[in-house]
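These protein sequences, in sequence, are chains F and B.
In short: position in the first sequence from 1, add 30, done, that's the numbering used here.
Residue 314 in the numbering used here sits at position 333 of the second sequence, with consecutive numbering throughout.
Ideal Cβ positions, reconstructed from N, Cα and C, are used throughout, including at glycine.
What you are looking at is a predicted structure, and each value in this text was computed from that prediction instead of being measured.
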Amino acid sequence: MKAALRRAALRALVLVVVSAAAALVVVCLPRLPNVATFVALCLLILAGSALSALHGTLYVRLAGFVISSVYVIVGRSTAIVISFVGAVLLLRRPVPWAKRVFSIATRVLSAAGGAVAYVALDGPVGPEVFDHIARALIAITATGLANQLVNASLMCAYMWLERGAEPVLAFLNDVVRPTAIPMLGYSYLSFMLAVMWLSGLWVFAALLVLVPLVVARWALAQDEAERNAQAATMRAFIQVIETKDYYTRGHSERVSRGVGMLGRHLRLAPDRQQALEHAGLLHDVGKVGVPTSVIRKPGKLDDSEWDAIRLHPARGVELIGDIPFLEEVKSAVLHHHEKYDGTGYPAGLSGTRIPYFARMLGIVDAFDCLTSTRSYRPARSVEETLAILIQDRDTHFDPDLVDAFVEVIRKDGWKAAAVEQPAPDATIQISIDHDDLSLGSGGGATGSAAGPAS
Amino acid sequence: MSQRIDSSEPRQLGSGTVIVAAGLVLSMVAVVLTAERHVTEWSFALVFGLLIAAGEMVQFRVDRVRNRAPIATSAALGYAMLRGPALLIPPDPAQILAVTAVATAVGIIPRVVAALPWDAVVSSRRVLSVGAAAATFSVITPRSMTWDGSWQHAFPLTGAMLVSILAAAAMDALVGAGQATERYNRPFPSALRDEAAVAARIGMAMGISGILLAAGTSLLGLWAPPLVVVPLLLTQFAFRRFANAQRTYRSTVRSMSRTTEVAGFSAPGQNLRTARLAVALGNDLGLTPKRMEALEYAALLSGVGQLALADPSPGGASLLRTRDERRKAAEIGAEVIERSGVLDHVAEIVRHSSDAYRDGRANNPDIPLESSIINVATAYEQLAGAGDRDSAATAMESISLGIADEFDPVVVESLRRVVGLGFRF
């Protein structure tokens, strides 16, 4: 569809939806209940909307929640007017005016969709609900579905005309799908609100129904704060541990970012994605047990020094063992120096026997090492490093994961280590970083990445 | 690493045993009484019993020592406050307790079979507080009072339910505070204050859900329990997630504190021992849970500044170095902790944890008491911590020599009490 046509269609859609909503509200106005009930309902929905505005995602739920109960308490016309009152707060949103007006109208039409369903299924209104509980429940279920259906269709239509099919699919997938079932649950709770209202408690029924929701919301907010605190604390510690070696500063956070990119590309589930990023952040935590003199030593390491370095994955697992991470985090930290051909450490695993996360970590770890400055060589460019990864893709790494990683980096780019690192020391000729690809079984230069690029 | 910071062994006939015994006796009496009088309104007893059992089955750990089962608590409270028109004969307190007790036992069986953790004390506490709610509700609510759709009945009924859940909360807080006093030597008033703070949040959510369940069931019959499932599940889900995140965070801080041990700056277990003593002192001094948490973290992390120093000191004994060095390490440690951006209060404690009392708190009231606690705990741990380095008595003697000069007199007094009551590393 041509852009101009699309814009015209969008304008037409907004016009039609807004006028329909306005007409509906005007038609419903004369059928309002007594003033006290109406004012109480208005206050309730405004409180609901204001409360949910504080907490992002709960927005639709609390507002829609109150509206669903209005069908049962006083009937459809009031529900439509109340939905308009509740939506007025949407005017504060910092989006174009057309969008603000459209979303208000969407709320009104969604409420009307619910009203049609409630009336079509002969849902009882007022105290007669106590005699027809089953019918009321069927009607409230259909009302919830109709409300969501109208709301989602109008939103999709607007998004499609504005930005094409992709955001519509994302909206359906990320917003509609996960919230549909909980919303249905909430509509039963709003039925309880109506029942308690009609039992004689009137607007005070809302306190009983909303308090548990608000407390639960508080607990979820605390949960998020704890998670952020955990991430911040781990990052602070990693920074301290990295002060041991000027050249690896920021390495862990970059690896975490890198595996994060790779994980998103491979569409991991959210909890695994988070676990993967944690593993990236913590993979070298065991280095705190390697003497500083070994880490900073310029030149070839002797056997006992190598042993100290080879111990760091196990030390890391020992340190994080008590944290209730997914088991994958620990196995990734333990095996991030295994190589695909079985020449790595500590266990000499090969192929897909190396844990999945560890294979991912190994690639990003090596990549970040090569694109950073080392005491014995300058940083390599991203393209140069990708070429090295591809060259080593069958010996060191999981070939499929290398391909995926190369694709991600070429697509999204890479922010390499800052240049504030000390310049390489020209007098040092031997590769020493344990992450460098040149690290063979004995620590000598064996891989194609060994030696300064010439 | 199975050592736990608050692992005071339950003593013989400790408060836990008393609570469980009280719960058992009460349940037994209730079951016998109910068997004699026959159960009224079977279907309600069954549905609420199932809900309680299911809630008990999905209990989860809130903190290091406590399990919680919000769904079971709400369901039991709901069953305690039923009235007409749905029920012709509301259950009497004995039947309420009997149903709660039997359902709790049924819910625990699968956990025992699956070797999942379960908590007899928490279940018994629930039986006791449900008993309080049931007794209160039946005393203050005449049988003629039903949900007939009039506000003249609805408001008094709701008020009575609120009073009843307050009675349950008060009972639970008293029992919990008693337990905390006995187990951790906390002063009773501050333990009671902490329990009340818990009751005001999670307790309120559970109690209000119970009211909703009771009122809804009285009005709609057995249609109501499934309809109230949303707030019940939401409360359960939210608090479970919260509890998990909190546990993860605590163990992260503990693990990170061990970096100094792995790096050879402190002896194995040293940080954990210092933290255990600091926590015992904090309990004795009645600090709020928030301050207790900061104290524990600060004690665990007080050594991290050493990571930035060049060489480990032998055996990790910070006492062996000069005061200036220790203060420098504390300053660096505070900076490291501040870098996380979320532990500023902990950093402040660590910053002053190596100050001598005369240079610090004696003249500067802004320095937190927690710093003095850590100062004393670190010193005592170094004297008596690793086995037979020094006996507790000699260590106490050395610490006493430093009163008012090196160490805060208030904290040393507390240490004397804590050690006198049997604290050992």
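- Counting only the same chain and skipping the five closest in sequence on each side, list residues whose C-beta sits under 6 Å from that of T162 of chain B. On the second sequence, position 181 is the one that residue 162 of chain B refers to. Cβ within range, chain order: F169 and A172.
- Message: Can you give me the C-alpha to C-alpha distance between I268 of chain F and T373 of chain F, rounded to a whole angstrom?
- Response: Within the first sequence, residue 268 of chain F is the residue found at index 238, counting from 1. Within the first sequence, residue 373 of chain F is the residue found at index 343, counting from 1. Rounded to the nearest whole angstrom, the C-alpha separation of I268 of chain F and T373 of chain F is 28 Å.
- Is F397 of chain F helix, strand or coil by DSSP? Walking along the first sequence from the start, residue 397 of chain F turns up at place 367. Helix.
- Query: First and last residue of the alpha helix (DSSP H) that includes Y60 of chain B?
  - Reply: For the purposes of this step, residue 60 of chain B is taken as the residue at position 79 of the second sequence. Residues P51 to A61.
- Message: Using 8 Å for Cβ pairs, my map puts A259 of chain F next to V323 of chain B. What's the rounded Cβ distance?
- Response: Residue numbering aside, residue 259 of chain F sits at position 229 when the first sequence is read from its first letter. Residue numbering aside, residue 323 of chain B sits at position 342 when the second sequence is read from its first letter. A259 of chain F to V323 of chain B, Cβ: 4 Å. Contact.
- State yes or no: is the C-beta of A275 of chain B within less than 9 Å of the C-beta of H326 of chain B? To locate residue 275 of chain B, count along the second sequence from 1; it is residue 294. To locate residue 326 of chain B, count along the second sequence from 1; it is residue 345. Contact: yes.
- Query: Nearest-angstrom Cα distance between A417 of chain F and T403 of chain F?
  - Reply: If you number the first sequence from 1, residue 417 of chain F lands on position 387. If you number the first sequence from 1, residue 403 of chain F lands on position 373. Near 18 Å, if we compare the C-alpha coordinates of T403 of chain F and A417 of chain F.
- Task: Could you check which residue in B:I355, B:S190 and B:E22 has the C-alpha nearest to that of V244 of chain F?
- Result: As a working note, residue 244 of chain F is residue 214 in the first sequence. V244 of chain F has its Cα closest to that of B:S190, out of B:I355, B:S190 and B:E22.
- Query: Since Y148 of chain F meets chain B, which of its residues come closer than 9 Å, beta carbon to beta carbon?
  - Reply: For the purposes of this step, residue 148 of chain F is taken as residue 118 along the first sequence, with counting starting at 1. Here the premise fails: no neighbours, minimum Cβ distance about 17 Å.
- Query: Can you find a CB in chain F that lies within less than 9 Å of the CB of I33 of chain B?
  - Reply: Indexing the second sequence from 1 puts residue 33 of chain B at position 52. It does not: the Cβ of I33 of chain B has no partner Cβ on chain F nearer than 9 Å.
- Message: According to DSSP, simplified to helix, strand and coil, what is R222 of chain B?
- Response: For the purposes of this step, residue 222 of chain B is taken as residue 241 along the second sequence, with counting starting at 1. Helix.
- Item | Host alpha helix (DSSP H) of A251 of chain F (start-end) | If you number the first sequence from 1, residue 251 of chain F lands on position 221. That run of the alpha helix (DSSP H) goes A235 to E272.
- Task: For my contact list, V93 of chain B and W99 of chain B are in at a C-beta cut-off of 8 Å; report their separation, rounded to the angstrom.
- Result: Working through the second sequence from its first residue, we reach residue 93 of chain B at position 112. Working through the second sequence from its first residue, we reach residue 99 of chain B at position 118. Their Cβ separation, rounded to whole angstroms, is 7 Å, which keeps V93 of chain B and W99 of chain B in contact under 8 Å.
- Message: Which runs of the alpha helix (DSSP H) at least 4 residues long sit entirely within the region 238 to 284 of chain B? Give them in chain order.
- Response: 240 to 243, 251 to 265 and 270 to 282
- In chain F, which residues lie with their C-beta within 8 Å of the C-beta of H134 of chain B? Within the second sequence, numbered from 1, the residue matching residue 134 of chain B stands at position 153. G230, listed in chain order.
- Task: Name, in chain order, the residues that DSSP records as bridge partners for R42 of chain B.
- Result: For the purposes of this step, residue 42 of chain B is taken as the residue at position 61 of the second sequence. For R42 of chain B, which the question treats as bridged, DSSP gives the partners B:N48.
- Beta-carbon proximity list for V159 of chain F, same chain, < 8 Å, skipping 5 on both sides: Residue mapping note: residue 159 of chain F aligns to position 129 of the first sequence, counting from 1. Only V102, A166, A224, V225 and L228 meet the Cβ criterion.
- Hey, quick one: how far does the alpha helix (DSSP H) through V111 of chain B stretch, first residue to last? Mapped onto the second sequence, residue 111 of chain B falls at position 130. Segment A101 to I121, the alpha helix (DSSP H) holding V111 of chain B.
- Item | Span separating the alpha-carbon of D347 of chain B from that of D340 of chain B | Reading the second sequence from its first residue, position 366 is the one you call residue 347 of chain B. Reading the second sequence from its first residue, position 359 is the one you call residue 340 of chain B. Their Cα atoms are separated by approximately 13 Å.
- For L58 of chain B and chain F, any beta-carbon pair shorter than 9 Å? To locate residue 58 of chain B, count along the second sequence from 1; it is residue 77. Cβ-Cβ to chain F under 9 Å: no for L58 of chain B.
- Item | Residues that DSSP places opposite R407 of chain F in a beta bridge | Position 377 of the first sequence, counted from the first residue, corresponds to residue 407 of chain F. Answer is F:R404, bridged to R407 of chain F.
- Per DSSP, F388 of chain B is paired with what? For this step, residue 388 of chain B is matched to residue 407 along the second sequence. In the DSSP output, where bridge partners are listed per residue, F388 of chain B has B:I384.
- Message: Taking beta-carbon pairs under 7 Å, can you tell me which members of the region 212 to 234 of chain B lie near chain F?
- Response: Going along the region 212 to 234 of chain B in chain order, one finds P212, L215, T216, A219, F220, R222, F223, A226, Q227, R228, T229, Y230, S232, T233 and V234 with a Cβ nearer than 7 Å to chain F.
- Task: Note down, in chain order, every chain B residue with its Cβ under 7 Å from the Cβ of L238 of chain F.
- Result: Translated into the one-based positions of the first sequence, residue 238 of chain F becomes position 208. Contacts between L238 of chain F and chain B, judged by CB atoms closer than 7 Å, involve I189, I192 and L193 in chain order.
- How many Å lie between P126 of chain F and L45 of chain F at the Cα? Taking the first sequence and counting its residues from 1, one reaches residue 126 of chain F at position 96. Taking the first sequence and counting its residues from 1, one reaches residue 45 of chain F at position 15. When rounded, the distance between both Cα atoms is 15 Å.
- Three-state class that DSSP yields for K32 of chain F in the structure shown: Along the first sequence, read from residue 1 onward, the residue named residue 32 of chain F stands at position 2. In this structure, DSSP gives K32 of chain F a state outside helix and strand, which the three-state scheme calls coil.
- Query: Within the 9 Å Cβ cut-off, does P212 of chain F reach chain B?
  - Reply: Here residue 212 of chain F corresponds to residue number 182 of the first sequence, with the count starting at 1. Yes, because at least one Cβ of chain B sits closer than 9 Å to the Cβ of P212 of chain F.
- Interface residues of chain F facing L68 of chain B [CB-CB closer than 8 Å]: For the purposes of this step, residue 68 of chain B is identified with residue 87 of the second sequence, where counting begins at 1. Near L68 of chain B there are no residues of chain F at all, since even the closest Cβ is about 15 Å away, more than 8 Å.
- Would a check of beta-carbon distances place A77 of chain F closer than 9 Å to chain B? Along the first sequence, one-based indexing puts residue 77 of chain F at 47. Chain B contact via Cβ: absent.
- Might you give, ordered along the chain, the residues of its own chain that have their beta carbon closer than 8 Å to the beta carbon of M187 of chain B, omitting 5 neighbours on each side? Residue mapping note: residue 187 of chain B aligns to position 206 of the second sequence, counting from 1. Contacts found: P51, T54, S55, L58 and T216.
- Candidates F:A251, F:Y386, F:P154 and F:A305: which alpha carbon is nearest K369 of chain F's? Against the first sequence, residue 369 of chain F aligns to sequence position 339. Out of F:A251, F:Y386, F:P154 and F:A305, F:Y386 has the C-alpha closest to the C-alpha of K369 of chain F.
- Query: Around the C-beta of W128 of chain B, are 16 or more other C-beta atoms found within 10 angstroms, so that it is buried, or is it exposed?
  - Reply: In the second sequence, residue 128 of chain B corresponds to position 147, counting from 1. With 16 or more other Cβ atoms within 10 Å, it is buried.
- Pull up the distance between the alpha-carbon of A409 of chain F and that of W248 of chain F, whole angstroms please. Walking along the first sequence from the start, residue 409 of chain F turns up at place 379. Walking along the first sequence from the start, residue 248 of chain F turns up at place 218. Taking the straight line from one Cα to the other gives about 47 Å.
- Query: Near P270 of chain B, what residues of its chain come up, given a Cβ to Cβ distance below 8 Å and the 5 sequence neighbours on each side ignored?
  - Reply: Translated into positions along the second sequence, residue 270 of chain B becomes position 289. Same-chain partners within the cutoff: D175 and A178.
- Give the DSSP-derived three-state secondary structure of L341 of chain F in the structure shown. Taking the first residue of the first sequence as 1, we reach residue 341 of chain F at position 311. For L341 of chain F, the secondary structure class from DSSP, reduced to helix, strand or coil, is coil.
- Taking only beta-carbon positions, decide if P208 of chain F is within less than 9 Å of chain B. Taking the first residue of the first sequence as position 1, residue 208 of chain F is located at position 178. Not closer than 9 Å to any Cβ of chain B, the Cβ of P208 of chain F fails to qualify, so no.
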